[in-house]
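One structure below.
2 protein chains.
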Amino acid sequence: MKLQGPRGTRDFYPKECAWQNFLLEAWRKVSVRNGFEEVDGPFFESLDLYKIKSGEGIVNELFHFEDRGGRELAIRPEFTPTLARMVASKANSLQKPIKWFCVPNLCRAERPQRGRLREFLQWNCDLIGVDGAMADAECIFTLVDLLRELGLEPQHVRVKISHRQTVRTILTKLGVAEDKLLTAFDLLDRRDKMDADAFTKAASELGMAPEQVERFEQICRFRYPCGSLAQMCEQTGLDSLHELEELDAQLQAFGIADWCEYDLGIVRGLAYYTGTVFELHETSGAMRAMAGGGRYDKLIELFGGPSMGAVGFGMGDVVLSEVLADKGLMPQDVSPRPDVFIVATSDASATQVPMLTASLREQGLHARFSYKTTRNLGKLLKDAANARSRFVVILDDDTPNGQVQVKDLQTSEQQTVAIESLASHVALA
Amino acid sequence: MKLQGPRGTRDFYPKECAWQNFLLEAWRKVSVRNGFEEVDGPFFESLDLYKIKSGEGIVNELFHFEDRGGRELAIRPEFTPTLARMVASKANSLQKPIKWFCVPNLCRAERPQRGRLREFLQWNCDLIGVDGAMADAECIFTLVDLLRELGLEPQHVRVKISHRQTVRTILTKLGVAEDKLLTAFDLLDRRDKMDADAFTKAASELGMAPEQVERFEQICRFRYPCGSLAQMCEQTGLDSLHELEELDAQLQAFGIADWCEYDLGIVRGLAYYTGTVFELHETSGAMRAMAGGGRYDKLIELFGGPSMGAVGFGMGDVVLSEVLADKGLMPQDVSPRPDVFIVATSDASATQVPMLTASLREQGLHARFSYKTTRNLGKLLKDAANARSRFVVILDDDTPNGQVQVKDLQTSEQQTVAIESLASHVALA
Chain G
0 MKLQGPRGTR DFYPKECAWQ NFLLEAWRKV SVRNGFEEVD GPFFESLDLY
50 KIKSGEGIVN ELFHFEDRGG RELAIRPEFT PTLARMVASK ANSLQKPIKW
100 FCVPNLCRAE RPQRGRLREF LQWNCDLIGV DGAMADAECI FTLVDLLREL
150 GLEPQHVRVK ISHRQTVRTI LTKLGVAEDK LLTAFDLLDR RDKMDADAFT
200 KAASELGMAP EQVERFEQIC RFRYPCGSLA QMCEQTGLDS LHELEELDAQ
250 LQAFGIADWC EYDLGIVRGL AYYTGTVFEL HETSGAMRAM AGGGRYDKLI
300 ELFGGPSMGA VGFGMGDVVL SEVLADKGLM PQDVSPRPDV FIVATSDASA
350 TQVPMLTASL REQGLHARFS YKTTRNLGKL LKDAANARSR FVVILDDDTP
400 NGQVQVKDLQ TSEQQTVAIE SLASHVALA
Chain B
0 MKLQGPRGTR DFYPKECAWQ NFLLEAWRKV SVRNGFEEVD GPFFESLDLY
50 KIKSGEGIVN ELFHFEDRGG RELAIRPEFT PTLARMVASK ANSLQKPIKW
100 FCVPNLCRAE RPQRGRLREF LQWNCDLIGV DGAMADAECI FTLVDLLREL
150 GLEPQHVRVK ISHRQTVRTI LTKLGVAEDK LLTAFDLLDR RDKMDADAFT
200 KAASELGMAP EQVERFEQIC RFRYPCGSLA QMCEQTGLDS LHELEELDAQ
250 LQAFGIADWC EYDLGIVRGL AYYTGTVFEL HETSGAMRAM AGGGRYDKLI
300 ELFGGPSMGA VGFGMGDVVL SEVLADKGLM PQDVSPRPDV FIVATSDASA
350 TQVPMLTASL REQGLHARFS YKTTRNLGKL LKDAANARSR FVVILDDDTP
400 NGQVQVKDLQ TSEQQTVAIE SLASHVALA
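Shown next, in the form of structure tokens:
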């Protein structure tokens, strides 16, 4: 019998857990210095909560179950509905702007595949109660700040930015009727997963002739760096890009233009985005999106709150970890190292181990000890080295009472140290 | 429409989330300095995994569901089965002793009540691969180290310790047959929740006469401080307490005798404990156990691994938080404070806000800014004070280019500072 965890989940042994904590700490550190406050919510919500934003279709993508009272509940597949519920229910008493982040574990009932697991962590940042491009740009800045913190550079990754209104204008010009725009967004978002014929057929049902589909496809292949909106106007045939101009200026003001480009092919499937939308992609394009977000000004209202502007993004841990590993940016050694490893070479000296351990830990030092007592000091030193300890404290019968042998495992220097100055000896080293 | 989270779950707004993080950080810090390494596992496991340890009865206490492939899964109600699975599947390649901790979120399908929610966090520490009382004592020391870290004192809480073998000897002397001992443990564990008649009836079915039940009840009311085993022998009529003697010596050697007492009424319901068992209680006795644990030497084997000694404990966040709040030990102000809050009193100066914010954040400072631009400086300063910022940076039309006004919100001192030395000005303060 070898028991395994469910498919699409992960066991985090100490090394993997240390990597996970490395990401969590980076997310938290960057969120805090960008002025976001951490929140969290229940791990399961009523199933109905998820239908508000995503409709009945979401049910198949959730792990859902009934409680004893027959209430339908579901494990959270995303944090946004919880966020919207929490904001809506206290909207009047919360200080504005609301800048919240969270790092929840989420589950989705999907088929596990590369870059998509059934359980994962997701960093969410949301900025609520502010309209305008400055808030959009601050969210994108926060995302870029994380990328820098992790050692990524503009040549590794790219924030691809679009705007619902721009795409809407283009689609309208290409013949899509107002009442079919949402369907068109959904279709465009799925185009990479459809075969060409099915896509052309669906597009023509929305009122787009083949040459219009081709024209749209062509527009989706254009890439424009920050600061080149005039060129975008020219190539797309649009008169103005009013809705992108202010954002463009803000991205430059925040100094992150070289991380960003406009890509009108970024549509984002979710019907709830209302303005700027963006995705973070690894530059080779071989991997799934590393993060996605945008402006969603109707959501808080949808959950029973007042009308409030909102912009935010989510970033999962799975693709991010793959990209970091791929670029050699996952640190090798993030597990905490012991300051001291205590060993005893005689039964008499071993009686001191608990007292000494307790005293060092109470002084804040990371102290381990060997459960083995043996005259074979070499073996004990090896255990200390395996634990990656900075120092070994050796208790033996030869050292005078009140003193211990202390060996620095990096320099191999050994000294006799009085027990009462042991903690400061180690702390100062 | 006011949407609420499910019963027995919690919304963590920034203040509550900061408290949660305060506990998580204390758990992590203490675990690490006591030499435990962090691990984690899937949020859901196969339903069968939980039956291995707890039998079919556990199913009603779980949130369970099927995946698309018809596999029965359950949200983790505890971490121990995952731990046992992870250890068992890599037992040969893991360095011994295995000292792991984790801080998972867990869910139980029970009726919410004071001190028991349907979702909670639990700190787990487990020490696997070492037999003997020293490991038991190290686990108890780690628990006490956490209590000290949080500011609790021996008069607030008590580690109540018992031993399966001692209780077994007493029960055998009182007439309980060998094959009814496990049932007796279970009955004794539930005695506070049963009415007296039902308990007496069940006890007599196990072979205990009313006077023997009363004698056992009397024994359960005795309390013995560390170092008083001779007295326990005398009062219980046992010839020796061999199994507690070494533990008693170790608890004294670790210097935690004043936190501990022996209480043979601590049985722990779970059939899997094999030796030392302990619970942490608030001294008034009014609340549920704050933590519980013990030695469970058969568990790894039960999950398909080799025979390995093991001892560990779990501590939930719910009762712990109540006790800390009750003692005034929950810190009032654990939310991160901004270093700098940037405001602008003119549209011209406001254009500098993004660049300045970006630069300070890139230098690691926690920087916020006002989305409002107004000549009303008083209003802006109030926003900065509400955000609890240490400094306000004021951008206006009067200060020469390249310089800004910096106000220390604690001292109210205001200075003109060059932009390039702003970060060091704030960092040095």
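Residue numbers (numbering that gives the first Met the number 0), protein chains in the order written: chain G, 0 to 428; chain B, 0 to 428.
We put the CB at the ideal spot given by N, CA and C, even for glycine.
Computed from a prediction, not measured in an experiment: that's the story for all the values here.
Alpha carbons only, please: which of the options is nearest the one belonging to residue i?
i, options, result
"Ser-348 of chain G", "G:Asn-400, G:Glu-412 and G:Leu-408", "G:Asn-400"
"Ser-358 of chain B", "B:Thr-8, B:Val-102 and B:Ser-420", "B:Ser-420"
"Phe-184 of chain B", "B:Lys-172, B:Val-266 and B:Phe-198", "B:Val-266"
"Glu-15 of chain B", "B:Ile-160, B:Ser-423, B:Met-329 and B:Ile-255", "B:Met-329"
"Asn-91 of chain B", "B:Ala-229, B:Ile-299 and B:Asn-385", "B:Ile-299"
"Ala-108 of chain B", "G:Arg-70, G:Arg-113, G:Asp-66 and G:Leu-145", "G:Asp-66"
"Ser-369 of chain G", "G:Ala-136, G:Ile-393, G:Gln-413 and G:Arg-360", "G:Ile-393"
"Asp-395 of chain G", "G:Asn-375, G:Asp-382 and G:Leu-408", "G:Asn-375"
"Gln-112 of chain G", "G:Glu-148, G:Met-286, G:Ala-252 and G:Gln-217", "G:Met-286"
"Asp-135 of chain B", "B:Arg-294, B:Asp-397 and B:Arg-367", "B:Arg-294"
"Glu-244 of chain G", "G:Thr-235, G:Gly-236, G:Pro-305 and G:Ser-227", "G:Ser-227"
"Leu-23 of chain B", "B:Glu-321, B:Asp-316, B:Leu-116 and B:Leu-427", "B:Asp-316"
"Ala-252 of chain B", "G:Arg-336, G:Thr-199, G:Gly-264 and G:Met-354", "G:Met-354"
Considering just the uninterrupted stretch of the beta strand (DSSP E) at residue i, what are its terminal residues?
i, result
"Ala-290 of chain G", "290 to 294"
I want to see whether chain B comes within less than 8 Å of residue i, judged by CB atoms only; does it?
i, result
"Cys-124 of chain G", "no"
"Lys-1 of chain G", "yes"
"Val-156 of chain G", "no"
"Pro-353 of chain G", "yes"
"Ala-253 of chain G", "A quick correction: the sequence has Phe, not Ala, at residue 253 of chain G. Judged by the 8 Å Cβ criterion, Phe-253 of chain G is in contact with chain B."
"Asn-104 of chain G", "yes"
"Gln-19 of chain G", "yes"
"Thr-350 of chain G", "yes"
Going by DSSP, what residues sit across from residue i in a beta bridge?
i, result
"Gly-313 of chain B", "B:Asn-123 and B:Gly-291"
"Arg-367 of chain G", "G:Phe-340"
"Ser-283 of chain B", "Answer is none; Ser-283 of chain B lacks a bridge partner."
"Asp-39 of chain B", "G:Phe-11"
"Arg-107 of chain G", "Answer by DSSP bridge pairing: none, since Arg-107 of chain G is not bridged."
"Ala-260 of chain B", "Here residue 260 of chain B turns out to be Glu, not Ala, going by the sequence shown. Partner(s): B:Lys-159 and B:Pro-224."
"Gln-413 of chain G", "G:Lys-406"
"Ala-73 of chain B", "B:Glu-44 and B:His-63"
If you measure between the beta carbons of residue i and residue j, is that distance less than 8 Å?
i, j, result
"Phe-390 of chain G", "Asp-338 of chain G", "yes"
"Lys-297 of chain G", "Tyr-271 of chain G", "yes"
"Cys-124 of chain G", "Phe-312 of chain G", "yes"
"Trp-258 of chain B", "Pro-153 of chain B", "yes"
"Cys-43 of chain G", "Leu-72 of chain G", "Looking at the sequence itself, residue 43 of chain G is Phe, so the reference to Cys does not match. Yes; because the gap between Cβ atoms is below 8 Å, this pair is in contact."
"Ala-176 of chain G", "Gly-206 of chain G", "yes"
"Val-166 of chain B", "Ile-139 of chain B", "no"
"Phe-302 of chain G", "Arg-75 of chain G", "no"
"Ile-255 of chain G", "Phe-215 of chain G", "no"
"Pro-103 of chain G", "Phe-78 of chain G", "yes"
"His-162 of chain B", "Glu-242 of chain B", "yes"
"Gly-40 of chain G", "Asp-10 of chain B", "yes"
"Leu-145 of chain G", "Glu-137 of chain G", "no"
Please list the terminal residues of the continuous alpha helix (DSSP H) segment that includes residue i.
i, result
"Phe-140 of chain G", "132 to 148"
"Glu-65 of chain B", "Note, Glu-65 of chain B: premise wrong, no alpha helix (DSSP H); beta strand (DSSP E) at 63 to 65."
"Val-212 of chain G", "209 to 220"
"Asp-346 of chain G", "346 to 349"
"Lys-89 of chain G", "Here Lys-89 of chain G belongs to no alpha helix (DSSP H), and DSSP marks it neither H nor E."
"Lys-198 of chain B", "In the sequence as displayed, the identity of residue 198 of chain B is Phe instead of Lys. Per DSSP, Phe-198 of chain B belongs to the alpha helix (DSSP H) from 195 to 204."
"Phe-184 of chain B", "180 to 188"
Does the CB of residue i have a neighbour CB from chain G at under 8 Å?
i, result
"Met-231 of chain B", "no"
"Asp-66 of chain B", "yes"
"Pro-96 of chain B", "yes"
"Pro-5 of chain B", "yes"
"Glu-37 of chain B", "yes"
"Gly-308 of chain B", "no"
"Thr-165 of chain B", "no"
"Val-31 of chain B", "yes"
"His-280 of chain B", "no"
"Asp-262 of chain B", "no"
"Pro-13 of chain B", "yes"
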